[in-house]
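Just so we're aligned, residue 1 is where the sequence shown starts under the working numbering, counting upward by one. Glycine included, C-beta positions come from ideal geometry on N, C-alpha and C. Given the structure is predicted, the values throughout are model-derived calculations rather than measurements.
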Amino acid sequence: MDDIKTKKQIEAIYPLTEMQRSLLFHHLSNQNDKGLLHVQLKLHGKLNIPLFKDAWQKTSDRHTTLRTSIHWKKIQNPIQLVNPKATFEWDLLDWTNKEGEAQELLLEQVKARQRGEGVTLEKSPLAKITLIKTATDQYIFLWLCHHILLDGWSTGIVIEDALKIYKGLITQTQAALNTVPSYKSYLNWFIKKDTDREKAFWTDALMGLKNTTLFGDNGTTKDATSRHFEKRLPQQFSQELKNTAKSYQVSINTLFQAAYALLLHKFFSNNDLVFGTTVSGRSIDFPNIHLMTGMFMNVLPVRSKITATANTSDFVKQLQKQFLASRNYETVTADQIVQWMDMTSGSVLYDSLFIFENYPWNDMEVEGLTVSDFKSGLTSTYPITFVIKETDTFEIDLMFEAGIITDRLAHWILDGFEKLLHVLCMPNAFSISDAMETMDSPPAFNNVNQKNESVDWEVMDISHIPARTTEELELTKIWESVLGIHPIGIEDNFFELGGKSVQALRMFTLVERQMGLKKPPTLLIEHPTIAELAKMLSSGEKTEAFKYVVPIRSKGSKPPLFCIHAGGGHVFFYKPLSDKLSEDQPVYGVQSSGISNLEDIMQDIEEMAEKYIQEMRIVQPTGTLNVLVYCFSTAVGVEMASYLEKKGEHINLIVMDTYAHRDNFKRSFMQLRIYGFLSRLLTNPFNAVQTIFSTRIQRNSEKINVGTTKGKQEVKVEKIRSVLENAHNRYQWKKIKGDIWLILLPRSNKMYNPFVIKTWEDLVMGTINIVELSNITHFDAFKDTNSEVTAKGVEKCMIG
Numbered sequence: 001m002d003d004i005k006t007k008k009q010i011e012a013i014y015p016l017t018e019m020q021r022s023l024l025f026h027h028l029s030n031q032n033d034k035g036l037l038h039v040q041l042k043l044h045g046k047l048n049i050p051l052f053k054d055a056w057q058k059t060s061d062r063h064t065t066l067r068t069s070i071h072w073k074k075i076q077n078p079i080q081l082v083n084p085k086a087t088f089e090w091d092l093l094d095w096t097n098k099e100g101e102a103q104e105l106l107l108e109q110v111k112a113r114q115r116g117e118g119v120t121l122e123k124s125p126l127a128k129i130t131l132i133k134t135a136t137d138q139y140i141f142l143w144l145c146h147h148i149l150l151d152g153w154s155t156g157i158v159i160e161d162a163l164k165i166y167k168g169l170i171t172q173t174q175a176a177l178n179t180v181p182s183y184k185s186y187l188n189w190f191i192k193k194d195t196d197r198e199k200a201f202w203t204d205a206l207m208g209l210k211n212t213t214l215f216g217d218n219g220t221t222k223d224a225t226s227r228h229f230e231k232r233l234p235q236q237f238s239q240e241l242k243n244t245a246k247s248y249q250v251s252i253n254t255l256f257q258a259a260y261a262l263l264l265h266k267f268f269s270n271n272d273l274v275f276g277t278t279v280s281g282r283s284i285d286f287p288n289i290h291l292m293t294g295m296f297m298n299v300l301p302v303r304s305k306i307t308a309t310a311n312t313s314d315f316v317k318q319l320q321k322q323f324l325a326s327r328n329y330e331t332v333t334a335d336q337i338v339q340w341m342d343m344t345s346g347s348v349l350y351d352s353l354f355i356f357e358n359y360p361w362n363d364m365e366v367e368g369l370t371v372s373d374f375k376s377g378l379t380s381t382y383p384i385t386f387v388i389k390e391t392d393t394f395e396i397d398l399m400f401e402a403g404i405i406t407d408r409l410a411h412w413i414l415d416g417f418e419k420l421l422h423v424l425c426m427p428n429a430f431s432i433s434d435a436m437e438t439m440d441s442p443p444a445f446n447n448v449n450q451k452n453e454s455v456d457w458e459v460m461d462i463s464h465i466p467a468r469t470t471e472e473l474e475l476t477k478i479w480e481s482v483l484g485i486h487p488i489g490i491e492d493n494f495f496e497l498g499g500k501s502v503q504a505l506r507m508f509t510l511v512e513r514q515m516g517l518k519k520p521p522t523l524l525i526e527h528p529t530i531a532e533l534a535k536m537l538s539s540g541e542k543t544e545a546f547k548y549v550v551p552i553r554s555k556g557s558k559p560p561l562f563c564i565h566a567g568g569g570h571v572f573f574y575k576p577l578s579d580k581l582s583e584d585q586p587v588y589g590v591q592s593s594g595i596s597n598l599e600d601i602m603q604d605i606e607e608m609a610e611k612y613i614q615e616m617r618i619v620q621p622t623g624t625l626n627v628l629v630y631c632f633s634t635a636v637g638v639e640m641a642s643y644l645e646k647k648g649e650h651i652n653l654i655v656m657d658t659y660a661h662r663d664n665f666k667r668s669f670m671q672l673r674i675y676g677f678l679s680r681l682l683t684n685p686f687n688a689v690q691t692i693f694s695t696r697i698q699r700n701s702e703k704i705n706v707g708t709t710k711g712k713q714e715v716k717v718e719k720i721r722s723v724l725e726n727a728h729n730r731y732q733w734k735k736i737k738g739d740i741w742l743i744l745l746p747r748s749n750k751m752y753n754p755f756v757i758k759t760w761e762d763l764v765m766g767t768i769n770i771v772e773l774s775n776i777t778h779f780d781a782f783k784d785t786n787s788e789v790t791a792k793g794v795e796k797c798m799i800g
């Protein structure tokens with residue numbers, strides 16, 4: 001019982017923010033974890049190491065982020081879990097017998113080794129602390145942590161609190177620390193914030209913006225080699241820049257942003273562009289946000305529009321005005337802005353990042369110990385990151401991925417940036433065109449988004465065929481917008497390019513809006529290339545021969561498999577299954593009524609079954625129908641069996657891991673859930689409690705992500721789902737005289753699958769044939785990674 005009580009002590013479970021989900025994606029998909037941070041300090045003076053370690057442990061008790069772990073396996077949405085305790089891992093090194101240069105080399109080796117080892121996100125704390133003695137009463141403090149939980153501002157807060165607590169331990173007094181607000185209270189504030197004002201601001205600020213990606217990368221990098229070039233500005237010039245910012249009445253950050261914007265305008269010959277910049281996320285009206293630690297940092301767009309004849313002074317001041325206005329709306333996510341702008345899901349707002357490091361840090365004296373040279377660490381998942389660091393001078397760090405830009409171009413960027421800074425410091429404002437004329441012409445850059453460079457079609461892969469007609473051209477534009485890929489040839493396959501069902505829906509919304517053609521998205525399955533789709537759209541032939549039956553794979557001599565839609569009404573999710581079935585197996589999806597026209601949606605299961613069978617019999621006029629049902633479509637399958645039995649025809653009903661609904665269902669299912677929970681609690685109480693919190697987080701995710709605006713297609717899917725659910729609940733389940741196949745998947749609750757079988761035994765008068773699959777779950781049975789296992793199970797059930 002004591003062990004159960006300990007495991008149940010979970011303080012809280014929270015969802016991940018968009019920034020955290022992005023960092024988790026990079027952590028899982030790249031060998032080089034771009035979220036690792038090395039925070040560094042120099043300590044000089046007498047250090048009581050045991051009390052120093054104790055101070056950090058007490059700081060962990062104060063800040064929940066230091067006791068938080070990240071979890072994503074076997075749950076639908078990733079979460080962050082706050083643990084009651086977390087113990088730091090310390091490594092004490094003595095380098096007093098090493099010289100200064102040798103120590104610097106060893107320090108870089110330690111950092112490289114730690115980056116290679118990384119941290120385990122599922123174990124708290126996500127940190128390793130190394131204390132290195134470099135001389136008598138001199139130390140280097142190195143703290144490896146992860147950006148998924150801490151931004152640069154937060155690392156400074158943690159260190160300051162740890163030093164205050166350390167002082168209290170040394171002097172045997174209570175550290176004067178204010179109460180840190182809970183993250184739960186922050187989430188409650190976040191839910192209630194005015195998203196209408198945010199939407200109005202950002203849609204107005206970015207209205208008419210085009211070509212948001214400049215360097216041709218979508219912001220999600222692979223395992224490319226990261227490089228960086230540095231430049232240090234002279235101290236006298238650094239002071240001159242500060243004076244110039246004061247004379248313009250702008251921040252020094254804005255002055256540097258202006259130079260970076262002009263650099264991009266020069267390079268891309270573009271008068272209207274956007275780049276990202278980091279904000280602390282703390283310029284909000286939430287009380288004591290400055291005391292909280294976490295991942296509050298955000299990246300927001302900076303739009304830069306220029307008129308060649310305008311002067312640089314006005315340009316700088318306009319950027320400052322824009323920056324100050326945006327501070328009131330800095331908790332909005334990039335994904336929200338994309339949707340508000342009606343950009344499509346493959347689009348990104350920016351592919352270069354500008355960072356001005358201005359974390360609130362001052363060197364400290366703590367009972368004879370001097371703490372100085374705070375370095376917060378820096379990480380970025382963007383292909384191009386431009387960093388300004390303020391020390392006694394200004395340091396510029398250009399971080400980029402090899403293959404995105406060349407070394408020659410990197411040098412041009414740094415040199416051109418410094419030249420533009422000198423221009424901005426001139427006593428008389430230049431025109432923008434004159435300012436950029438001070439720079440040398442940029443070296444060649446092979447990117448289709450660059451206005452002054454053309455694509456050499458002759459040397460491109462011969463498999464790439466560009467648009468040849470106006471229809472193909474319009475479709476190419478739409479595809480490139482939706483998928484965020486450039487260029488796309490007319491013979492490229494939508495699904496092989498990574499296209500998903502949501503993108504297909506959005507693509508046909510654009511086809512209707514931009515081409516005036518209202519067609520069902522299911523056309524894409526039979527016509528997955530621009531060439532085929534354009535021919536279909538321009539031929540004038542009838543494309544809606546079927547309202548419900550969708551050919552996923554029409555070729556093959558075997559009797560077809562008909563896959564009935566689930567709760568959302570669509571059938572796109574069956575395509576991975578069709579790819580893994582034998583090549584001679586035709587597969588048809590049966591989509592819900594209302595997909596083409598919401599007014600046509602059927603309200604009753606009986607009507608659905610009859611209408612679906614009528615079209616299925618056009619494809620297969622005679623013989624036993626192989627029908628696969630899943631989730632809500634089980635009721636449709638049962639009604640199909642009843643309908644065909646009355647006509648003297650037969651159905652081979654294949655049920656994918658779904659129970660049958662009976663009159664006593666609610667009571668039995670509640671008993672099952674109670675039994676399952678108690679079983680999990682006794683065998684693994686930690687997972688039992690985690691599951692409860694995960695479910696609650698999932699149910700409230702829409703409330704937390706309050707800024708999301710749904711498109712027409714998403715709203716339509718929700719309405720269809722609601723109608724289907726109501727029809728399913730009203731349906732009076734009928735007996736099945738024949739046999740069925742029941743595919744079962746693994747469940748943690750050992751009573752679940754027997755319960756499923758029992759519901760069908762009450763319904764089926766014939767034989768229930770059981771097929772059990774392993775290593776997949778109910779919600780991912782049709783995903784690409786599991787479709788091969790599912791396909792083998794389905795093939796065992798097929799007739800003919």
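**Request:** Please list, in chain order, all residues of the same chain as I768 whose beta carbon is under 7 Å from its beta carbon, the five residues on each side excluded.
**Result:** As a first step, residue 768 must be located in the sequence shown, where it is residue number 768. The residues are I740, L742, I757, W760, E761.
**Prompt:** To which residues does DSSP link S431 through a beta bridge?
**Reply:** As a first step, residue 431 is located in the sequence shown; it is residue number 431 there, counting from the start. Per DSSP, N311.
**Prompt:** With 16 as the cutoff for other CB atoms within 10 Å, does M207 come out buried or exposed?
**Reply:** Position 207 of the sequence shown holds residue 207. Per the 10 Å Cβ criterion, exposed.
**Item:** Backbone CA spacing between D94 and T134 [nearest angstrom]
**Value:** Residue numbering aside, residue 94 sits at position 94 when the sequence shown is read from its first letter. Residue numbering aside, residue 134 sits at position 134 when the sequence shown is read from its first letter. Taking the straight line from one Cα to the other gives about 7 Å.
**Residues that P754 bridges to, as DSSP identifies them** = Position 754 of the sequence shown holds residue 754. Beta-bridge pairing links P754 to no other residue.
**Request:** Would you tell me roughly how many angstroms separate the C-alpha atoms of N726 and E330, rounded to the nearest one?
**Result:** In the sequence shown, the residue the question calls residue 726 occupies position 726. In the sequence shown, the residue the question calls residue 330 occupies position 330. Straight-line Cα distance between these residues: approximately 41 Å.
**Message:** In the DSSP output, what is M399 paired with across the bridge?
**Reply:** By one-based count along the sequence shown, residue 399 stands at place 399. Looking at the DSSP assignment, M399 forms a beta bridge with H228, T385.
**Item:** Integer Cβ distance of I355 from N626, believed to fall under 8 Å
**Value:** As a working note, residue 355 is residue 355 in the sequence shown. As a working note, residue 626 is residue 626 in the sequence shown. I355 to N626, Cβ: 58 Å. No contact.
**Same chain, Cβ closer than 8 Å to R408, five either side skipped, listed in chain order** = In the sequence shown, the residue the question calls residue 408 occupies position 408. Here the set comprises P443.
**Message:** Starting from V302, trace the alpha helix (DSSP H) in both directions and tell me its first and last residue.
**Reply:** Here the question's residue 302 lines up with position 302 in the sequence shown. Here V302 belongs to no alpha helix (DSSP H); instead the beta strand (DSSP E) covers 298–305.
**Message:** Within 8 Å, do at least three Cβ pairs link the stretch 286–302 to the stretch 13–22?
**Reply:** yes
**Request:** Identify the continuous beta strand (DSSP E) that holds K42 and give its terminal residues.
**Result:** The residue given as residue 42 occupies position 42 in the sequence shown. Looking at the DSSP string, the run of the beta strand (DSSP E) that includes K42 is 36–45.
**Asked** Would you call E639 buried or exposed, if buried means 16 or more other Cβ atoms sit within 10 Å of its Cβ?
**Response** Taking the sequence shown and counting its residues from 1, the one referred to as residue 639 is at position 639. Result: buried.
**Prompt:** Between the C-alpha atoms of D392 and Q235, what's the straight-line distance to the nearest angstrom?
**Reply:** Walking along the sequence shown from the start, residue 392 turns up at place 392. Walking along the sequence shown from the start, residue 235 turns up at place 235. One C-alpha to the other measures close to 7 Å.
**Prompt:** Within this structure, are the beta carbons of Y574 and I613 separated by less than 9 Å?
**Reply:** Within the sequence shown, numbered from 1, the residue matching residue 574 stands at position 574. Within the sequence shown, numbered from 1, the residue matching residue 613 stands at position 613. No. Outside cutoff.
**Asked** Three-state secondary structure (DSSP) at D351?
**Response** Here residue 351 refers to the residue found at position 351 of the sequence shown. Coil.
**Item:** Outcome for L537 when other beta-carbon atoms lying within 10 angstroms are tallied against a minimum of 16
**Value:** The residue you call residue 537 lines up with position 537 of the sequence shown. So L537 ends up on the buried side.
**Request:** Please check the pair L414 and I388, which I expect to be a contact at CB under 8 Å, by giving their CB distance rounded to whole angstroms.
**Result:** If you number the sequence shown from 1, residue 414 lands on position 414. If you number the sequence shown from 1, residue 388 lands on position 388. Actually they are not in contact, since the Cβ atoms of L414 and I388 sit about 12 Å apart, beyond 8 Å.
**Prompt:** For A531, which residues of its own chain have a beta-carbon under 8 Å away from its beta-carbon, when the five flanking residues on both sides are left out?
**Reply:** Position 531 of the sequence shown, counting from 1, holds the residue named residue 531. Excluding residues within five positions, the ones whose Cβ falls inside 8 Å are I465, E472, I490, E491.
**Prompt:** Exposed or buried, which one is N253 when buried takes at least 16 other CB atoms within 10 Å?
**Reply:** Against the sequence shown, residue 253 aligns to sequence position 253. Result: buried.
**Message:** Strictly by DSSP, which residues pair up with V371?
**Reply:** Reading the sequence shown from its first residue, position 371 is the one you call residue 371. V371 is bridged to L43, M364.
**Message:** When you compare the stretch 110–120 with the stretch 142–152, are there three or more beta-carbon pairs, one atom per stretch, that lie closer than 8 Å?
**Reply:** yes
**Request:** Work out the CA separation of Y260 and L421 for me, nearest whole Å.
**Result:** The residue labelled residue 421 in the question sits at position 421 within the sequence shown. The residue labelled residue 260 in the question sits at position 260 within the sequence shown. One C-alpha to the other measures close to 9 Å.
**Prompt:** Should E512 go down as buried or exposed, given a rule of 16 or more other Cβ atoms within 10 Å for buried?
**Reply:** Here residue 512 is taken as the residue at index 512 of the sequence shown, counted from 1. Burial call: exposed.
**Request:** Can you tell me which of the three DSSP states E639 falls into?
**Result:** For the purposes of this step, residue 639 is taken as the residue at position 639 of the sequence shown. If DSSP states are grouped into helix, strand and coil, E639 belongs with the helices.
**Prompt:** How close, in whole Å, do the beta carbons of S578 and V587 come, if the pair is a contact with beta carbons under 8 Å?
**Reply:** As a first step, residue 578 is located in the sequence shown; it is residue number 578 there, counting from the start. As a first step, residue 587 is located in the sequence shown; it is residue number 587 there, counting from the start. Right, the Cβ-Cβ distance comes to about 4 Å (below 8 Å), so this counts as a contact.
**Prompt:** Taking V629 as the reference, which of V299, A641, F52 has the closest Cα?
**Reply:** By one-based count along the sequence shown, residue 629 stands at place 629. Checking every option, the nearest Cα to that of V629 belongs to A641.
**Request:** Could you check if M426 is buried or exposed, using at least 16 other CB atoms within 10 Å of its CB as the buried criterion?
**Result:** Here residue 426 refers to the residue found at position 426 when the sequence shown is read from its first residue. Answer is exposed; the Cβ neighbour count stays below 16.
**Prompt:** From A102 to K111, what does the alpha carbon distance come to, in whole angstroms?
**Reply:** Taking the sequence shown and counting its residues from 1, the one referred to as residue 102 is at position 102. Taking the sequence shown and counting its residues from 1, the one referred to as residue 111 is at position 111. Rounded to the nearest angstrom, the two C-alpha atoms are 14 Å apart.
**Request:** Rounded to whole angstroms, what's the CA-CA distance from Y731 to V158? Just pull it up for me.
**Result:** Numbered from 1 along the sequence shown, position 731 holds the residue referred to as residue 731. Numbered from 1 along the sequence shown, position 158 holds the residue referred to as residue 158. If I take the Cα positions, the gap works out to 58 Å.
**Item:** Three or more C-beta pairs below 8 Å linking the stretch 304–322 and the stretch 278–294
**Value:** no
**Asked** Could you give the distance in angstroms between the alpha-carbon of G589 and the alpha-carbon of S22?
**Response** Position 589 of the sequence shown, counted from the start, is the residue given in the question as residue 589. Position 22 of the sequence shown, counted from the start, is the residue given in the question as residue 22. Cα to Cα, G589 sits roughly 33 Å from S22.
**Message:** In this structure, how does DSSP classify C145 when only helix, strand and coil are distinguished?
**Reply:** By 1-based counting over the sequence shown, the position of residue 145 is 145. Three-state result, C145: strand.
**Asked** In three-state DSSP terms, what is H570?
**Response** If you number the sequence shown from 1, residue 570 lands on position 570. H570 falls in the coil class under three-state DSSP.
**Asked** How is I799 classed by DSSP in three states: helix, strand or coil?
**Response** Within the sequence shown, residue 799 is the residue found at index 799, counting from 1. If DSSP states are grouped into helix, strand and coil, I799 belongs with coil.
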